[in-house]
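Heads up: the sequence shown at position 2 corresponds to 256 in my numbering, and the numbers run straight through without jumps. Glycine is no exception: its CB is placed at the ideal position from the N, C-alpha and C atoms. Reading through the structure tokens given below for one structure.
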Amino acid sequence: MVIIQDVFDFMKKNFNKDAALEFKKKIAFQYEIKGDGGGTWHIILDEGNYELLEGPAERAVITYIFNSVDSFYRVTTGEIDGIQAYTQGLVQVKGPVGIAQKFEPVFKV
255 MVIIQDVFDF
265 MKKNFNKDAA
275 LEFKKKIAFQ
285 YEIKGDGGGT
295 WHIILDEGNY
305 ELLEGPAERA
315 VITYIFNSVD
325 SFYRVTTGEI
335 DGIQAYTQGL
345 VQVKGPVGIA
355 QKFEPVFKV
């Protein structure tokens, strides 16, 4: 069974500062993960750095809603493509698609 901390540890290990620098302003991305072990977290990108915080963001530009911790893990680790996950109903994305696509390489494997 995957625990949420495993996913966040994986993200930290694969953080791409150069991709994060593409965001010129401070920006928040929110994760809502449903089911056992889920919850709400958000990531703030600011000047090429990131901060992970538990709870909802004050103003998230993009919100990813995953149907389970397992789906979150599979998408984050590249086991399943984000578009495939979206079409299969494993994740919903709220917010501008262009910004979501620009965010993808920030934690890319």
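The Cβ atoms of Y285 and T294 lie closer than 8 Å to each other.
Where Q346 is concerned, the enclosing beta strand (DSSP E) starts and stops at V345 to K348. Inclusion of R328 and I337 in the CB contact set at 8 Å is not warranted, their separation being larger than that value. Around the beta carbon of I257, fewer than 16 other beta carbons sit within 10 angstroms, so the residue counts as exposed. Contact between G349 and I316 holds, since their C-beta atoms are separated by about 4 Å, short of 8 Å. For D290, the three-state secondary structure derived from DSSP is coil.
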